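Q: The structure follows.
Protein chains: 2
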Amino acid sequence: MSNIIEIVEVGPRDGFQSIGPLIPTKRKLELVDMLYDAGIRRMEATAFVSTSAVPQLADAAALLEHIAGKPDLDAQVLVPSLRHAERAIAAGATHLAFVLSVSEKHNKGNVRRSPAESVHEFGELAKLVPAGARLRLNLATAFDCPFDGAVPAAATLALLEPLVAIAPEAEFCLCDTTGRVTPDRVASLFDAARDANPTAQRWAFHGHDTYGQGVSNAVAAWNAGINVIDSSFAGLGGCPFAPGATGNVATEDLVWTFTEMGVSSGIDLPRLIAAAREAAELPGASFGGRVRDALRARTRIAA
Amino acid sequence: MSNIIEIVEVGPRDGFQSIGPLIPTKRKLELVDMLYDAGIRRMEATAFVSTSAVPQLADAAALLEHIAGKPDLDAQVLVPSLRHAERAIAAGATHLAFVLSVSEKHNKGNVRRSPAESVHEFGELAKLVPAGARLRLNLATAFDCPFDGAVPAAATLALLEPLVAIAPEAEFCLCDTTGRVTPDRVASLFDAARDANPTAQRWAFHGHDTYGQGVSNAVAAWNAGINVIDSSFAGLGGCPFAPGATGNVATEDLVWTFTEMGVSSGIDLPRLIAAAREAAELPGASFGGRVRDALRARTRIAA
Numbered sequence: 001m002s003n004i005i006e007i008v009e010v011g012p013r014d015g016f017q018s019i020g021p022l023i024p025t026k027r028k029l030e031l032v033d034m035l036y037d038a039g040i041r042r043m044e045a046t047a048f049v050s051t052s053a054v055p056q057l058a059d060a061a062a063l064l065e066h067i068a069g070k071p072d073l074d075a076q077v078l079v080p081s082l083r084h085a086e087r088a089i090a091a092g093a094t095h096l097a098f099v100l101s102v103s104e105k106h107n108k109g110n111v112r113r114s115p116a117e118s119v120h121e122f123g124e125l126a127k128l129v130p131a132g133a134r135l136r137l138n139l140a141t142a143f144d145c146p147f148d149g150a151v152p153a154a155a156t157l158a159l160l161e162p163l164v165a166i167a168p169e170a171e172f173c174l175c176d177t178t179g180r181v182t183p184d185r186v187a188s189l190f191d192a193a194r195d196a197n198p199t200a201q202r203w204a205f206h207g208h209d210t211y212g213q214g215v216s217n218a219v220a221a222w223n224a225g226i227n228v229i230d231s232s233f234a235g236l237g238g239c240p241f242a243p244g245a246t247g248n249v250a251t252e253d254l255v256w257t258f259t260e261m262g263v264s265s266g267i268d269l270p271r272l273i274a275a276a277r278e279a280a281e282l283p284g285a286s287f288g289g290r291v292r293d294a295l296r297a298r299t300r301i302a303a
Numbered sequence: 304m305s306n307i308i309e310i311v312e313v314g315p316r317d318g319f320q321s322i323g324p325l326i327p328t329k330r331k332l333e334l335v336d337m338l339y340d341a342g343i344r345r346m347e348a349t350a351f352v353s354t355s356a357v358p359q360l361a362d363a364a365a366l367l368e369h370i371a372g373k374p375d376l377d378a379q380v381l382v383p384s385l386r387h388a389e390r391a392i393a394a395g396a397t398h399l400a401f402v403l404s405v406s407e408k409h410n411k412g413n414v415r416r417s418p419a420e421s422v423h424e425f426g427e428l429a430k431l432v433p434a435g436a437r438l439r440l441n442l443a444t445a446f447d448c449p450f451d452g453a454v455p456a457a458a459t460l461a462l463l464e465p466l467v468a469i470a471p472e473a474e475f476c477l478c479d480t481t482g483r484v485t486p487d488r489v490a491s492l493f494d495a496a497r498d499a500n501p502t503a504q505r506w507a508f509h510g511h512d513t514y515g516q517g518v519s520n521a522v523a524a525w526n527a528g529i530n531v532i533d534s535s536f537a538g539l540g541g542c543p544f545a546p547g548a549t550g551n552v553a554t555e556d557l558v559w560t561f562t563e564m565g566v567s568s569g570i571d572l573p574r575l576i577a578a579a580r581e582a583a584e585l586p587g588a589s590f591g592g593r594v595r596d597a598l599r600a601r602t603r604i605a606a
């Protein structure tokens, strides 16, 4: 097993999107700079979505332009449809993350399409990706749906098959949208997905800490051989279509955990925590994670 | 692997002890009753300690008397020395939990003895245990010390050897006093401890959630074959001699997790959560856990 984990910082998209009051673009760029300076080299920087549905991300092009100047930063942008993918490519995106849900209800709520329609759209999108650009597939409700509860592994595997056939070079991210999956199922679904799709070489995990499973599931994914894991600084985040599902796992909790396990993320924890503390103070932010407070307590005692 | 986990609810001792303002004994008994009614059948009910050092637990005998009347409740009481063990036995205790630390500094801070002196005292205590009573050994700082950092596995194993020789019938609980151990080390230390001590049949794990490892480490212990795990309702707890180490893992988070994994604890989650919500409102309580809030969010949405 490699001793290097790739953390995908999703705070600037998944995190900011969950915050009601508009964050000034300048403030977003300052926080992105802090993340970069802490050593974050992969980021879901923004999303190209309907600005009337998600006004918080109306400044997607400005985010993308700012980030383009940062050496060695792999900035993915979320696109829920072909139309928005075209906007992202026109704005210079070099890494597109398409999202669809295994759950019919969740996909309809999220993008107003059936999963099968979204699979077709992923096929069209794959043809559009410019040479040298990267493609990711975020498979939402891969384990559990806020409307229907547990999603059978068979349903996720059935949807993965045509997606992998379309673009085996893509990265496939299995997302625990609700935070309700437990580590045993994380491990078993990754094992099954990789066995069934040997042509897919790149896998990732996206988890939430809503039910306290954030660190546990990330470690389970890592132990199952997954070395790309999403998280959000200060645990910002949630999903507007997954009621109650607040709280991506906190990046600082994962960096702390993996560092203790001897696994390197290349991220400087004190700098990351400085960024996370500022993020947790954004007006309207709901936040999570334990390591910020634990280290603050230790610092106080040392002082 | 068995599909039954035994949760040891340590809130009435470890949790209450961490709260500054004195909790009226009557209030403690009400909360203990709620825990019992939720299906808790094993509890660290109190400690027999110096009442000047820990005034919160000066009502140990009253707690013990109240609990004695509850059918099928296994109530252990913590005793840090021979003298206090004698008090506990005189008060009718049928399950004694002795505590000592692997770390010299931590043991001196906690009980003013060297670990070797505490081992000797455990030997004396084992002779005192009345027929039919049970004995547990809580091995604090088994992984990490608040003063010295990581505790080498060799040090913990070296201390375990004479302890197991004294009372192989006892239950040996490896405690992560600081919350800083990660699941890989939980698993490997249990593997090594059991390999080295085949005569010891009963093992347990005690973890904290201070750094977000609470659920993850409990699952790691379970996967390593440990089916007795300590936790505290509402995540109450900490250690007065472990600066910054607030937050036992929350019982409701473990019950939720293991239930989802198909492992039964015999505990009714809604009733447990009702007790935990009251505990979190005790004046001066610091609390943790995620499941209380996650389920409250879902209930609100359903309403």
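Note that the protein sequences, when read in sequence, are chains A and B. For the first sequence, the residue numbers in our numbering are 1 to 303. For the second sequence, the residue numbers in our numbering are 304 to 606. All C-beta atoms, glycine included, are put in the ideal place defined by N, C-alpha and C. What you are looking at is a predicted structure, and each value in this text was computed from that prediction instead of being measured.
1. Which term fits Thr183 of chain A, buried or exposed, when burial requires 16 or more other beta carbons within 10 angstroms of its beta carbon?
2. Closest by CA to Ala61 of chain A, which one among A:Arg41, A:Arg13 and A:Met34?
3. What span of residues does the beta strand (DSSP E) with Ser534 of chain B cover, start to end?
4. Note down the Cα distance separating Ile343 of chain B from Ala396 of chain B, rounded to an integer number of angstroms.
5. Out of A:Pro55, A:Gly288 and A:Cys145, which has the shortest C-alpha to C-alpha gap to Ala250 of chain A?
6. So, Ser216 of chain A versus Ile7 of chain A, is the Cβ gap smaller than 7 Å?
7. Measure from the C-beta of Ile230 of chain A to each C-beta in chain B and report whether the shortest distance is under 7 Å.
8. Would you mind stating whether Ala400 of chain B and Arg437 of chain B have Cβ atoms separated by less than 7 Å?
9. Please list the segments of the alpha helix (DSSP H) lying wholly inside the stretch 177-208 of chain A, counting only runs of 4 or more residues, in order along the chain.
10. At the level of alpha carbons, what is the spacing between Asp596 of chain B and Glu464 of chain B?
11. Given a cut-off of 7 Å, decide if Val79 of chain A and Phe48 of chain A are closer than it, judged by their beta-carbon atoms.
12. Pull up the distance between the alpha-carbon of Ser404 of chain B and that of Ala453 of chain B, whole angstroms please.
13. Less than 7 Å between the beta carbons of Leu531 of chain B and Ala495 of chain B, yes or no?
14. Out of A:Asp144, A:Arg113, A:Ala279 and A:Glu171, point me to the one whose CA is closest to Gln17 of chain A's CA.
15. Any beta carbon from chain B within less than 7 Å of Glu124 of chain A's own beta carbon?
16. 7 Å is my cut-off, CB to CB: does Thr259 of chain A come that close to chain B?
17. Work out the CA separation of Val380 of chain B and Pro283 of chain B for me, nearest whole Å.
18. Once DSSP output is grouped into helix, strand and coil, what is the label at Thr46 of chain A?
19. Quick one, are the C-beta atoms of Gly538 of chain B and Gly550 of chain B less than 7 Å apart?
20. Cα separation between Ala308 of chain A and Ala165 of chain A?
21. Any beta carbon from chain A within less than 7 Å of Asp487 of chain B's own beta carbon?
22. When Cβ atoms are compared, which residues of the stretch 510-527 of chain B fall closer than 9 Å to chain E?
23. Return helix, strand or coil for Glu171 of chain A, following the three-state DSSP convention.
24. For Asp362 of chain B and Leu575 of chain B, what's the separation of their Cα atoms in angstroms?
25. Kindly indicate if chain B contains any beta-carbon less than 7 Å away from that of Val291 of chain A.
A: If we stick to the structure as given:
1. If you number the first sequence from 1, residue 183 of chain A lands on position 183. This sequence places Pro at residue 183 of chain A; Thr is not what is there. Burial check for Pro183 of chain A: the Cβ neighbour count within 10 Å reaches 16 or more, so the residue is buried.
2. For the purposes of this step, residue 61 of chain A is taken as residue 61 along the first sequence, with counting starting at 1. For the residues A:Arg41, A:Arg13 and A:Met34, the minimum Cα distance to Ala61 of chain A belongs to A:Arg13.
3. Counted from its first residue, the second sequence places residue 534 of chain B at position 231. Taken as a continuous stretch (DSSP letters only), the beta strand (DSSP E) holding Ser534 of chain B covers Val531 to Ser534.
4. What you label residue 343 of chain B is simply residue 40 of the second sequence in a count that begins at 1. What you label residue 396 of chain B is simply residue 93 of the second sequence in a count that begins at 1. About 18 Å.
5. Counted from its first residue, the first sequence places residue 250 of chain A at position 250. Taking only the C-alpha atoms, the option nearest Ala250 of chain A is A:Gly288.
6. Along the first sequence, read from residue 1 onward, the residue named residue 216 of chain A stands at position 216. Along the first sequence, read from residue 1 onward, the residue named residue 7 of chain A stands at position 7. No, the Cβ-Cβ distance between Ser216 of chain A and Ile7 of chain A is not below 7 Å.
7. Your numbering for residue 230 of chain A matches position 230 in the first sequence. Note that residue 230 of chain A corresponds to Asp in the displayed sequence, not to Ile. Using a Cβ-Cβ cut-off of 7 Å, Asp230 of chain A does not count as an interface residue toward chain B, since no Cβ of chain B sits closer than that to its own.
8. As a working note, residue 400 of chain B is residue 97 in the second sequence. As a working note, residue 437 of chain B is residue 134 in the second sequence. Taking a C-beta distance under 7 Å as the contact criterion, Ala400 of chain B and Arg437 of chain B do not qualify as a contact pair.
9. The qualifying runs are 183-196.
10. In the second sequence, the residue the question calls residue 596 of chain B occupies position 293. In the second sequence, the residue the question calls residue 464 of chain B occupies position 161. Asp596 of chain B and Glu464 of chain B have their C-alpha atoms some 43 Å from each other.
11. Numbered from 1 along the first sequence, position 48 holds the residue referred to as residue 48 of chain A. Numbered from 1 along the first sequence, position 79 holds the residue referred to as residue 79 of chain A. Using a Cβ distance threshold of 7 Å, Phe48 of chain A and Val79 of chain A count as a contacting pair.
12. As a first step, residue 404 of chain B must be located in the second sequence, where it is residue number 101. As a first step, residue 453 of chain B must be located in the second sequence, where it is residue number 150. So the two alpha carbons sit approximately 13 Å from each other.
13. As a first step, residue 531 of chain B must be located in the second sequence, where it is residue number 228. As a first step, residue 495 of chain B must be located in the second sequence, where it is residue number 192. Per the sequence shown, residue 531 of chain B should be read as Val rather than Leu. In this structure, Ala495 of chain B does not lie closer than 7 Å to Val531 of chain B by Cβ.
14. One-based indexing of the first sequence puts residue 17 of chain A at position 17. Of the candidates A:Asp144, A:Arg113, A:Ala279 and A:Glu171, the one whose C-alpha sits nearest the C-alpha of Gln17 of chain A is A:Ala279.
15. To locate residue 124 of chain A, count along the first sequence from 1; it is residue 124. No, its Cβ sits nowhere closer than 7 Å to a Cβ of chain B.
16. Position 259 of the first sequence, counting from 1, holds the residue named residue 259 of chain A. With 7 Å as the cut-off, Thr259 of chain A does not count as an interface residue toward chain B.
17. Because chain B in this structure spans residues 304 to 606, residue 283 of chain B falls outside the shown range and cannot be described.
18. Translated into positions along the first sequence, residue 46 of chain A becomes position 46. Thr46 of chain A: strand per DSSP, three-state reduction.
19. Within the second sequence, the letter at position 235 stands for residue 538 of chain B. Within the second sequence, the letter at position 247 stands for residue 550 of chain B. Result yes, Cβ atoms of Gly538 of chain B and Gly550 of chain B sit closer than 7 Å.
20. With chain A represented from 1 up to 303, any question about residue 308 of chain A goes unanswered, as that position is not in the structure.
21. The sequence position of residue 487 of chain B within the second sequence is 184, counting from 1. So yes, Asp487 of chain B belongs to the interface.
22. Among the protein chains in the structure shown, which are A and B, there is no chain E.
23. Within the first sequence, the letter at position 171 stands for residue 171 of chain A. In the structure shown, Glu171 of chain A sits in a strand (DSSP, three-state: E or B).
24. Position 59 of the second sequence, counted from the start, is the residue given in the question as residue 362 of chain B. Position 272 of the second sequence, counted from the start, is the residue given in the question as residue 575 of chain B. For Asp362 of chain B and Leu575 of chain B, the distance between alpha carbons rounds to 24 Å.
25. For this step, residue 291 of chain A is matched to residue 291 along the first sequence. Closer than 7 Å: yes.
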